[in-house]
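Numbering (UniProt numbering), first residue to last: 1 to 179.
We put the CB at the ideal spot given by N, CA and C, even for glycine.
Below: one structure, written as structure tokens.
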Amino acid sequence: MEDSQLMLIAWKDDFAIDGGVIDADHRNIIYRINQINAAISSGESMDFISVALRNLYRVTSAHFIREEHLQAASHFPHAEEHGAAHARLLSDLWEWVALVEKQRLDGEPCAPRDTLHDCKSFLYRWILSHILSEDREMAAYLHQMQSAKGPIATLNLDDLLPYTEAALKGEPPKYDVGL
């Protein structure tokens with residue numbers, strides 16, 4: 001089933017958070033959301049959409065772990081609230097993964113148009129609202145810390161690798177959403 005509403009997100013400079021690993025993650029997440037939105041709009045199979053959503057979940061989980069480690073290393077004062085927002089987003093994303101997977105296992109060649117449109121809208125709103133509101137607050141704090149040569153100035157990407165590797169290996173994520 002084809003959906004003519006293609007909602008793609010273009011990276012903009014004002015999305016930038018840290019000029020490094022967080023921005024690279026955000027670009028990757030946006031790429032994957034665009035891939036899912038294009039697949040839905042072009043009528044791709046439920047198999048393809050299910051795999052793409054699972055991949056988005058995996059990449060997003062790894063990103064959130066990295067972002068939260070960065071927040072801890074920089075003593076971000078709103079880390080707890082930000083982590084709770086991450087948990088909610090992952091839970092919501094997992095609900096979409098589970099819904100599409102159920103429909104796929106039920107033998108549906110494609111999901112109902114309303115379901116797919118709602119999924120696209122969720123992904124679009126989620127990434128834009130998270131980056132443009134919640135992550136902007138973190139960006140301001142990180143820039144302030146960098147200017148003051150605070151703890152963030154000494155954070156090394158290698159410090160984030162154990163968290164990323166664990167997430168990518170499928171080891172238990174920090175979030176328990178019933179996997």
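**Study point:** Coil, strand or helix - R7 by DSSP
**Key:** Residue 7 is actually Met in this sequence, not Arg. Under the three-state reduction of DSSP, M7 is assigned to coil, being neither helix nor strand.
Exercise for review: Given a cut-off of 8 Å, decide if A39 and I49 are closer than it, judged by their beta-carbon atoms.
Suggested key: yes
Exercise for review: Give the C-beta separation of A97 and R54 to the nearest angstrom, bearing in mind that I take them to be a contact with Cβ-Cβ under 8 Å.
Suggested key: First, the residue type needs correcting, since residue 97 is Val and not Ala in the sequence shown. Sure, about 6 Å apart at Cβ, within 8 Å.
Check your understanding: Do Y57 and L93 come within 8 Å of each other at the CB atom, strictly closer than that value?
Key -> yes
Check your understanding: Quick one: what's got a C-beta closer than 7 Å to T60's C-beta in the same chain, skipping five residues either side?
Key -> I29, L90, L93
Point to revise | Same chain, Cβ closer than 8 Å to Q35, five either side skipped, listed in chain order | key: A52
Exercise for review: Locate the alpha helix (DSSP H) running through E137, then write down its first and last residues.
Suggested key: 135-147
Check your understanding: Where do the N-terminal and C-terminal ends of the alpha helix (DSSP H) with P33 fall, by residue?
Key -> The question names Pro, yet the displayed sequence has Ile at residue 33. 21-42 is the span of the alpha helix (DSSP H), which, as asked, contains I33.
Practice item. May I have the straight-line CA-CA distance separating L155 from A73, to the nearest angstrom? Key: Confidence at L155 is low in this model, with a pLDDT of 45, below 50, so the placement of that residue should be treated as unreliable; the coordinate-derived value is given next. L155 and A73: Cα-Cα distance of roughly 7 Å.
Point to revise | Given G43 as reference, the closest of E108, M138, L128 once Cα atoms are compared | key: Considering only E108, M138, L128, the residue with the shortest C-alpha distance to G43 is E108.
Practice item. Express the C-alpha separation of S129 and K81 in angstroms, rounding to a whole number. Key: Sequence inspection shows Glu at residue 81; the Lys mentioned does not correspond to that position. Distance between the alpha carbons of E81 and S129 is about 15 Å.
Practice item. Label K120 either buried or exposed according to how many other C-beta atoms from any shown protein chain fall within 10 Å of its C-beta, with 16 as the threshold for buried. Key: buried
Review point. Taking all protein chains shown into account, do 16 or more other C-beta atoms lie within 10 angstroms of the C-beta of H86, making it buried, or fewer, making it exposed?
Key: buried
Review point. Considering only the beta carbon of each residue, do E68 and G83 sit closer than 8 Å?
Key: yes
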